[in-house]
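Under the working numbering, residues 45 to 329 are what the sequence shown spells out, in order.
Cβ coordinates follow ideal geometry from the N, Cα and C atoms, glycine included.
Here the structure is laid out as structure tokens; the discussion comes afterwards.
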Amino acid sequence: MNKRSCLITGATSGIGKAAALALARMGYRLILLGRNEEKLMKTCREVRLKSGNDGINSCLCDLSVMKDVHAAADRIKVDYDRIDVLINNAGARFLRHELTKEGIEMTLATNHLGHFVLTLSLINLLKNSGPARVVNVSSGTHYGGTCIIENILSASNYDGRKQYANSKLANVLFTYALADKVAGSGITVNSCEPGGVATNFAHNNGFLHWLKHRLYYLRKGQLLTPAQGAETVVYLASSDNVAGVTGRHFFGKKEIKSSDKSYDKTLQDGLLSLSRELTGIDLLL
Numbered sequence: 045m046n047k048r049s050c051l052i053t054g055a056t057s058g059i060g061k062a063a064a065l066a067l068a069r070m071g072y073r074l075i076l077l078g079r080n081e082e083k084l085m086k087t088c089r090e091v092r093l094k095s096g097n098d099g100i101n102s103c104l105c106d107l108s109v110m111k112d113v114h115a116a117a118d119r120i121k122v123d124y125d126r127i128d129v130l131i132n133n134a135g136a137r138f139l140r141h142e143l144t145k146e147g148i149e150m151t152l153a154t155n156h157l158g159h160f161v162l163t164l165s166l167i168n169l170l171k172n173s174g175p176a177r178v179v180n181v182s183s184g185t186h187y188g189g190t191c192i193i194e195n196i197l198s199a200s201n202y203d204g205r206k207q208y209a210n211s212k213l214a215n216v217l218f219t220y221a222l223a224d225k226v227a228g229s230g231i232t233v234n235s236c237e238p239g240g241v242a243t244n245f246a247h248n249n250g251f252l253h254w255l256k257h258r259l260y261y262l263r264k265g266q267l268l269t270p271a272q273g274a275e276t277v278v279y280l281a282s283s284d285n286v287a288g289v290t291g292r293h294f295f296g297k298k299e300i301k302s303s304d305k306s307y308d309k310t311l312q313d314g315l316l317s318l319s320r321e322l323t324g325i326d327l328l329l
């Protein structure tokens, strides 16, 4: 129980899995959150075996379904008295317009709202840790984001690439807004971009789109392994160098300037208002 605890979303592959293995080797007690039970069990076994750390547990949850996120948070609050690190890593790009079974646009639900609900639902466990860290994994595509994603009911004007960029902008907007809200609580909140990583990202849109995404970074000589892509995530989760640092954006384990839009207080407030409206989560922390 003296081990530091870390919850990681999207932990069954890619950056999330690599971060889990690195932190397990450091002795962290892990909660791996994912939507596929078979993959979760397999990942837990693999991380335990490779790290020699038995403190690896799982939590089944589909982040795109808010009812599922609330239920997962309730289970975690029963089983744990504190969380030292929360890594909001899961994300996906949807080229075609989709709505969740709760009627929310899929990109918004998966890439932002699920993490919004999870983070605020577990805020007291983070406060119990004191100090605690929240790490939001964004992307360099957030620089192309222009506005807040809305709950788009019509597919007529849907552009999956723009929607993804706006969702990654939402990750950074949420980082800065939450850092302000929890200032003085002992919780730090930072965001990062991992770079182009060789993962299964974009595979849900078909093999050709996945291959095109991978070749783009390969041609630029910027295709990283999952372990390389996870380095900044692990750094923000564990390094003494960033103890007490909050409301910042990182790449390559260094603080960098995020997009101009991300610093817009009106956009930050608008995102919080929309998120509260769609999820019913109270922002009074």
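**Asked** Does the beta-carbon of N285 have 16 or more other beta-carbons within 10 angstroms, so that it is buried, or is it exposed?
**Response** Along the sequence shown, one-based indexing puts residue 285 at 241. Looking at its Cβ environment, which holds fewer than 16 other Cβ atoms inside 10 Å, N285 is exposed.
**Message:** Using the Cβ count rule (16 or more neighbours within 10 Å means buried), how would you classify I300?
**Reply:** As a working note, residue 300 is residue 256 in the sequence shown. That one is exposed.
**Asked** Of the choices E275, N168 and T269, whose alpha-carbon is the least far from that of D128?
**Response** As a position in the sequence shown, residue 128 is number 84, starting the count at 1. Checking every option, the nearest Cα to that of D128 belongs to N168.
**Message:** Please report the distance separating the alpha-carbon of L280 from that of L77.
**Reply:** For the purposes of this step, residue 280 is taken as the residue at position 236 of the sequence shown. For the purposes of this step, residue 77 is taken as the residue at position 33 of the sequence shown. Taking the straight line joining both Cα atoms gives about 19 Å.
**Message:** Am I right that L222 and V277 are in contact with their C-beta atoms under 8 Å? What's the rounded C-beta distance?
**Reply:** In the sequence shown, counting from the first residue as 1, residue 222 sits at position 178. In the sequence shown, counting from the first residue as 1, residue 277 sits at position 233. The pair is not a contact, with the Cβ atoms about 17 Å apart (cut-off 8 Å).
**Item:** Extent of the continuous alpha helix (DSSP H) run through T163
**Value:** Position 119 of the sequence shown, counted from the start, is the residue given in the question as residue 163. Element bounds for T163: G158 to S165.
**Nearest-angstrom Cα separation, counted from R119 out to L322** = Position 278 of the sequence shown, counted from the first residue, corresponds to residue 322. Position 75 of the sequence shown, counted from the first residue, corresponds to residue 119. If you take the alpha carbons of L322 and R119, they lie about 22 Å apart.
**Asked** Helix or strand or just coil, what does DSSP make of R177?
**Response** Within the sequence shown, residue 177 is the residue found at index 133, counting from 1. Correct three-state label for R177: strand.
**Item:** Residue span of the alpha helix (DSSP H) that contains F218, given as start and end
**Value:** Taking the first residue of the sequence shown as position 1, residue 218 is located at position 174. Counting along the chain, the alpha helix (DSSP H) containing F218 begins and ends at G204 to K225.
**Prompt:** Per the contact definition of three or more C-beta pairs closer than 8 Å, is the segment 195-215 in contact with the segment 143-155?
**Reply:** yes
**Item:** Contact between the segment 226-241 and the segment 199-209 (3+ Cβ pairs under 8 Å)
**Value:** no
**Request:** Consult DSSP for L130 and reduce its assignment to one of helix, strand or coil.
**Result:** The sequence position of residue 130 within the sequence shown is 86, counting from 1. If DSSP states are grouped into helix, strand and coil, L130 belongs with the strands.
**C-beta atoms of K145 and V109 nearer than 8 Å** = Looking up residue 145 in the sequence shown gives position 101. Looking up residue 109 in the sequence shown gives position 65. The answer is yes: Cβ separation under 8 Å.
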